[in-house]
Structures are given as structure tokens and as C-alpha cells.
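K.L.:
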Amino acid sequence: MPSKNISISDEAYNKLKKLKGKNESFTAVINRLFSTIILLELRGTISNEEANDMRNRIEESREARRKQIEKLFERWK
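The sequence shown begins at 85 in our numbering and counts up one residue at a time.
1) Which value, in whole angstroms, describes the spacing of the CA atoms of residue 151 and residue 157?
2) Kindly indicate which residue of 140, 135 and 100 has the alpha-carbon position closest to the one of residue 112.
3) Roughly how many whole angstroms lie between the Cα atoms of residue 129 and residue 120?
4) According to DSSP, is residue 159 helix, strand or coil?
5) To the nearest angstrom, report how far apart residue 95 and residue 136 are at their CA atoms.
6) Can the beta-carbon of residue 110 be found less than 8 Å from the beta-carbon of residue 104?
Right, here's the structure in full:
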């Protein structure tokens with residue numbers, strides 16, 4: 085994979101280093117941070133009502149899935 089050398093301050097390096105996982109590259113840290121930033125940029129694109137509706141649907145879906153799993157476990161007993 086091609087690479088580029090960049091110059092950053094010691095402060096920026098130390099911040100990245102703190103965020104870096106044991107087996108994670110600095111490239112992976114930077115990519116992870118930018119994917120988070122992109123998600124944060126979506127903030128405000130839907131109304132609170134739409135967000136609450138989505139949250140409720142997700143919770144209902146999770147509950148339905150949990151019940152399905154419980155039924156499967158009951159059949160295996």
C-alpha cells in the first residue's frame with residue numbers, strides 16, 4: 085500500500101498514540117476517527133421525532149429477536 089510521510093506536533097502524536105489500540109496502526113486510528121466525524125456530521129439531518137421513531141423501531145426489533153432466541157433455547161432443552 086502506498087504511504088505518505090506527514091509531520092505532526094508531539095501533542096498531536098501523543099493524542100493519537102493514546103487512542104491507538106495495541107495492534108492498531110496509526111492509519112487505522114485516523115480512519116476510525118474520520119468515520120466518527122462523518123457520522124457526527126449527519127447530526128441534525130433528521131428531526132427528534134424521526135430519531136425517536138427509529139430508536140423505538142430498533143428497540144422493538146431487538147425485543148422481537150430476543151424472544152425468538154428464547155423460543156429456540158426452549159426447544160433445545
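Glycine included, C-beta positions come from ideal geometry on N, C-alpha and C. This one's a predicted model, so the numbers in the text were calculated from it and none came from an experiment.
P.N.:
The structure says:
1) Here the question's residue 151 lines up with position 67 in the sequence shown. Here the question's residue 157 lines up with position 73 in the sequence shown. Taking the straight line from one Cα to the other gives about 10 Å.
2) For the purposes of this step, residue 112 is identified with residue 28 of the sequence shown, where counting begins at 1. Minimum Cα distance to residue 112 is reached at 100.
3) For the purposes of this step, residue 129 is taken as the residue at position 45 of the sequence shown. For the purposes of this step, residue 120 is taken as the residue at position 36 of the sequence shown. In a straight line, the C-alpha of residue 129 is about 16 Å away from that of residue 120.
4) Counting from 1 along the sequence shown, the entry for residue 159 is found at position 75. Three-state result, residue 159: helix.
5) Taking the sequence shown and counting its residues from 1, the one referred to as residue 95 is at position 11. Taking the sequence shown and counting its residues from 1, the one referred to as residue 136 is at position 52. Approximately 39 Å, taken between the alpha carbons.
6) Here residue 110 refers to the residue found at position 26 when the sequence shown is read from its first residue. Here residue 104 refers to the residue found at position 20 when the sequence shown is read from its first residue. In this structure, residue 104 lies closer than 8 Å to residue 110 by Cβ.
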